[in-house]
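Beneath this line is the structure, given in C-alpha cells, with notes to follow.
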Amino acid sequence: MGFVLLIFLPIVAALFIPLLFKYLKGIHTGWFVLFVPIALFIYYAGFITTTMDGGHKVSELQWIPSLGISFVSYIDGLSLLFTLLITGIGALVVLYSIFYLDKDREKLNNFYIYLLIFMSAMLGVVQSDNVISLYLFWELTSISSFLLIGYWNTRDRSRFGALKSMMITVFGGLMMLGGFVLLGIMGDSFSIRELIANSSSFIGHEFFTLALILVLLGAFTKSAQFPFYIWLPDAMEAPTPVSAYLHSATMVKAGLYLVARFTPIFAVSEVWIWLVTGIGLLTLFWGSLFAVKQTDLKAILAFSTVSQLGLIMSLLGASAVAYHSDDAIFKFAAFAAIFHLINHATFKGSLFMIAGIIDHETGTRDIRKLGGLMSIMPVSFTVAFIGSMSMAGLPPFNGFLSKEMFFQSMLALRNFELFNFATWGILFPVIAWVASVFTFIYSFYFVFKTFTGRNKVDKLPKKPHEAPVGMLVAPVILATLVVGIFFIPNLVGKWLVKPAVMAIQPGLYSHPSEVDVHVAAWHDFASPELWMTIALVGLGVVLYLTMTKWRKLYDIQPHYLSLNVLYDSMMMLSENGMNRLSRFYMTGLIRTYLMYMFAFIASITTATLFLKNAFIVDMDSFTAVSVYGIMTAIILVAAVVMVILAKTRLAAIIALGAVGYSVSLFFVIFKAPDLALTQLVIETVSVALFLLAFQRLPALKTHGETKRNRLGNAIIAAAVGITVTLVALSAHSQKMIPSISQYYKDTVATEAGGGNIVNVILVDYRGFDTLFEIAVLAVAGIGVLAMIRLQLARKEAKDENK
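In UniProt numbering, the protein residues as written are 1 to 802.
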C-alpha cells in the first residue's frame, strides 16, 4: 500500500473534527487542522529529489481488481507539483482562516470537515493513475466544493453559487467519465501510464476524437473556460479562505492538470491543439475584458482568475505543438505554462486573502465605497501591490517572467505551418496582447482604486484598521514568494518546473535536465515580447487613467444577452418541465406505481426472452394432466375471477379462500399430502384472520376507477401473468444444473433424520431463513400491539378529558 493511504489522511482527520470542536471550545479548531497539510507538505517535499532526477514513485491499493480498478498513487514531476500546491497553499489557507473565521460565531466543525474532504479529493485527482479512481476523486471535489461554497447556507446567493458550480462541474465530470470509458475501450486499460505508453495504437480509432472532446469538457468546466466560466464568479459567495484555496491553487487548476496529463495522448490531434489553445485564448480575453467591469473586489479577482486560467490553458495547447514541430519554443511553452501556474497560485492566493482582509476590516468589498486605505492598512497595501503588479506582468515580480514566456509562445504559433496555423496564427499574439492590456488595467484598478485616492472612511460600515498579524502572515508569505521567485526562477525551474514538463512531454525528454530552458528577466532590445510589454504598459496606463470615460461602453450590452441569463433560463425551463413531467406520472396512488413496475417488468422480461432466444418449451418432462386437474384448474380460475369481481369484502375473502383450497387440491392430485395439509391449515387461518381484520373496514369503493383504468389494469395483469408463465416454462425446459430436489430426497432421512421433506427443509436446510422470518413476524406483531395500545391510551385520555 505505502503512501497511497496518505491521500485519505485529511478525510481520516476530518472524522475527529466534531470531537475537537465539541470538547476543546477554548481553542480554534483550525490549529489542529493545520498539522495535516503541514505534515503532508513536509512528507511530499521529500519526493523532490526523486522527481528532479526523472524518477517517480508508485503506491497501489487494490479496489476492484477484476475490473482493473484500483487506487494508484503515482508521484512524478507533474503530480508532485500539484500536490505541493494543494498542501502548501492549504496550510496557509488554514492559518489564514484561524484568524478570519470567528470560532464563537461560525460552525467551524463543518468548515474544516468540508475543507479536509476537499483536500483529500484534490490529492486523489492529481495522484491517481487509474482514470476511474481519478473520476471518483474528481466528483468528490465537486461535492466538497459545493459544501464549501454554500458554507453560509442561510444566504440565498451562497446556495445559488454552490448549486451553479456543482451543476456545471458535475456535467463536465460525467462527460469526462464517458471519455475515460472510451479510452479504456481503445487502450484496454484504465491506467494513465499504460494509455500513454500505448497511445500510438489507438490514435486512429473511431472513438479517439469523441474521447478527446469528452475529456476536454471535463477540463473546461472545472477550470472555468469559456463558456463554462459563469460558475466561478458566483462561487465568490464562499468565505474568503475557500475562495483563496479553491480558485487560486486547487479546484480550478484540476482542469489544467487534466489537460497537462493527457497531452501525451491527444497532442497528435489538431482538434486538441485548436480547442485547447483557442478556448484558452478566448477565455483569457473574455475574463480580462469583463474583470474591468466588476465593482466587487472578489468579483474582480474571479474574472481575473478566469483570464489567468485561460492563459495557462493556451500555453498547454501551444505545448502540444511540440509533438509536430522541432522548434524548441513549443517545448518552452510547457515550461511557461507550469511556471505561470506556480506564479498564479502565489499572487492570486495573496490577493484573495487581501480582499478578505479588506472586507473583514471595512465591512465591504464594493470598490466604489473604498479608497485611501494605504495609510490605514500599509501592510495590506504592500501585499496587494506586489500581487497586483505580478498579475499585471511587471518586474520585479514573478508574473513578469511567465508573461514574457507567454508572449514568446504565442508569437511562435505564427510560424507553425500545420493545421492552418500559418493562416490564423497571427491572431494568437494579437489576442494575447489585447487581453494582457486589460489584465494590466484590472490589476491597477484593484489595488489603486482600493488603497489610493480620496479617503472614504466615514462612509464605510466599519472603522478600518490594519488586520491582525495572524491574518497577515499567510498573504505576506505568498507575496514574499512572488518577489523571491523573480530572483531565483531557475532554482524553482530545476526543482519543480522541469520535472513537470518532462511529465507533460515524456516522449520528448528522457530526463528533466534535457529541458533546456533558462529563465531571465532581460534578453535584449530586439526581443519582440519586450516591446509588446512596453506597448501594453503605455496603452494600459492611458486606458486606466481614462476609465471613467470608456467604461460606459459596458452598458451597451443588454442584460438579457449574457451566459448567466442563458443558464438561468435553462434551469428554469428544466425545472418547469420536470415539474410538469413529475405531476403527470406521480399521481400519489400506489396502484399507479404498481402499474409502472409491473409493466416495466413484463416488457423487459418478455423482450429479453425472445431477443436472446431464451424461450424454449420442452414438454417431455411434463406430467400428464388428469380430468381432476382440469376441473381443479377451472375452479381455481373461477375463484380468481370472483375475487376480482366481488362487490363486498366478505365475498372477496371467501373467493380468495377458494383459490387457496384449490391450490391444496393440486398438491393432493400431484401426491404431495404434506404440502396439501400445510396449505389447508395456512389457508384456514388466513381466511379467519382476513375476516377479523376486514370486518370493520368500509365497503369497497372504486376510488375513481374508470373503464379506461380497468382496461389498463387488465392488460398489465394479463401481461404479467403471461410473462411469469413463459419464464416458468422456459426455466423448467432449460435447466443448466441438476435440480437440488434429488439431494433433499437422498439426505432428508439419513442426514437430517426427518420423514417430512417440507418440514426438514424449513427447519434444517433453511433454518436461519425460517428463524429470520419468525423474527420479522414477531417484530411486526410487537409493532401492531404497540399501535393498538397507543390508540387505546389516547381513547382513554380523551374520555377522561370529557
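A virtual CB, placed ideally from N, CA and C, is assigned to each residue, including glycine. The structure presented is a predicted model; accordingly, all values stated were derived computationally and were not measured.
Open item on the list: Let's see if you can read the secondary structure: which residues bound the beta strand (DSSP E) around S151?
Closed with: The question names Ser, but residue 151 is Tyr in the sequence shown. Per DSSP, Y151 belongs to no beta strand (DSSP E) and is neither H nor E.
Task: Coarse secondary structure for Q225, derived from DSSP in three states - done: Three-state DSSP puts Q225 in coil, outside helix and strand.
TODO: Quick one: give me the first and last residue of the alpha helix (DSSP H) that Y74 is part of.
DONE: If you look at Y74, you'll find it isn't in any alpha helix (DSSP H); it sits in the beta strand (DSSP E) that goes 69-75.
- [ ] Check K57 in the structure and name its three-state DSSP category.
- [x] Looking at K57 - three-state DSSP - the assignment turns out to be strand.
Task: For A14, the first and last residue of its enclosing alpha helix (DSSP H) - done: Here the alpha helix (DSSP H) through A14 covers 9-14.
Open item on the list: Report the CB separation of A238 from L148 in whole angstroms; it is logged as a contact under 8 Å.
Closed with: Confirmed, Cβ separation roughly 6 Å.
TODO: Could you tell me whether the Cβ atoms of V131 and F220 are closer together than 7 Å?
DONE: Not in contact: V131 and F220 (Cβ atoms no closer than 7 Å).
TODO: Rank L123, G179, F352 by C-alpha distance to the C-alpha of S243 and give the top, closest one.
DONE: Distances from the alpha-carbon of S243 to those of L123, G179, F352 put F352 closest.
Task: Delimiting residues of the alpha helix (DSSP H) encompassing V437 - done: V437 -> alpha helix (DSSP H) spans 427-451.
- [ ] Excluding the 5 residues preceding and the 5 following L472 in the sequence, name in chain order all residues of the same chain whose CB lies nearer than 6 Å to its CB.
- [x] Non-local C-beta neighbours of L472 in its own chain, meaning closer than 6 Å and more than five positions away in sequence, comprise V379, ordered along the chain.
- [ ] Assuming L309 and T346 form a contact by the criterion Cβ under 8 Å, report the distance between their Cβ atoms to the nearest whole angstrom.
- [x] With 8 Å as the limit, L309 and T346 do not qualify as a contact, their Cβ atoms being about 15 Å apart.
Task: Assigned exposure category for K348 - 16 Cβ within 10 Å defines buried - done: Classification of K348: buried, given that the 10 Å Cβ count is 16 or more.
Open item on the list: Just to confirm the assignment, what range does the alpha helix (DSSP H) spanning E270 have?
Closed with: Counting along the chain, E270 sits inside the alpha helix (DSSP H) bounded by residues 270-291.
Task: Between the CA atoms of K671 and V763 - distance to the nearest angstrom - done: V763 and K671 have their alpha carbons spaced roughly 22 Å apart.
Open item on the list: Which residue marks the beginning of the alpha helix (DSSP H) containing A693, and which one marks its end?
Closed with: Annotation for A693: the continuous alpha helix (DSSP H) segment containing it runs 673-694.
Task: Rounded separation between G425 and L311 - CA only - done: The straight-line gap from Cα to Cα measures roughly 16 Å.
Open item on the list: Could you check whether the region 22-41 touches the region 63-79, counting it as contact only if at least three pairs of C-beta atoms, one from each stretch, sit closer than 8 Å?
Closed with: Too few Cβ pairs lie closer than 8 Å, so no.
Open item on the list: Output needed for I669: all residues of its chain with C-beta closer than 8 Å, excluding positions within five of it in sequence on either side, in chain order.
Closed with: Only residues of its own chain outside the window of five on either side were considered, and among them S626, Y628, G629, T632 have a CB closer than 8 Å to the CB of I669, listed in chain order.
Open item on the list: By the three-class DSSP mapping on this structure, what secondary structure does D104 have?
Closed with: Reduced to three states, the DSSP call for D104 is coil.
TODO: Using only alpha-carbon positions, find the residue among M52, F600, G90, P233 that is nearest to A162.
DONE: Proximity to A162 across M52, F600, G90, P233 peaks at P233, based on C-alpha coordinates.
Task: Span of the alpha helix (DSSP H) around K348 - done: Here the alpha helix (DSSP H) through K348 covers 328-362.
Task: Meets three-Cβ-pair contact criterion under 8 Å: the region 78-93 and the region 222-233 - done: Verdict: no, contact absent.
TODO: Using alpha carbons as the reference points, say which of R591, L697, P528 lies closest to N709.
DONE: When only C-alpha atoms are compared, the closest one is R591.
Task: Best match in D674, F444, P464 for proximity to M547 [C-alpha to C-alpha] - done: Selected option, being the one with the closest Cα: F444.
Open item on the list: Let me see if you follow: with CB-CB separation under 7 Å, is S409 close to chain D or not?
Closed with: Any reference to chain D falls outside this structure, which holds one protein chain only.
Task: Alpha-carbon to alpha-carbon, Y151 and N576 - done: Going by C-alpha positions, N576 is about 27 Å away from Y151.
Task: Whole beta strand (DSSP E) elements within the UniProt domain "MrpA C-terminal/MbhE" (710-789), 3-residue minimum - done: Annotation: the UniProt domain "MrpA C-terminal/MbhE" (710-789) contains no complete segment of the beta strand (DSSP E) (minimum length 3 residues).
- [ ] Reducing DSSP to helix, strand and coil, say where S128 ends up.
- [x] Three-state DSSP puts S128 in a strand.
Task: Distance between beta carbons of A500 and I329, contact taken as under 8 Å - done: In this structure I329 does not touch A500 by the C-beta definition: roughly 18 Å separates them, more than the 8 Å allowed.
- [ ] Can you have a look at D359 and say buried or exposed, based on whether 16 or more other CB atoms are within 10 angstroms of its CB?
- [x] In summary, D359 is buried, with 16 or more beta-carbon neighbours lying within 10 Å of its beta-carbon over all protein chains present.
Task: contact_flag[the region 97-106, the region 530-541] where n(CB pairs < 8 Å) is 3 or more - done: By the Cβ rule, the region 97-106 does not count as touching the region 530-541, because fewer than three pairs are nearer than 8 Å.
- [ ] Output the distance between the C-alpha atoms of A731 and F768, rounded to the nearest integer angstrom.
- [x] About 27 Å.
Task: Residues bridged to Q62 (per DSSP) - done: Checking the DSSP bridge columns, you'll see Q62 partnered with S70.
Task: Beta-carbon proximity of V482 to F397, cut-off 7 Å - done: Yes, they are a contact pair.
TODO: Please confirm whether P10 and M176 have their CB atoms less than 7 Å apart.
DONE: The answer is no: Cβ separation not under 7 Å.
Task: For F428 and E270, believed in contact at Cβ under 8 Å, the rounded distance - done: The Cβ separation is near 15 Å, so there is no contact.
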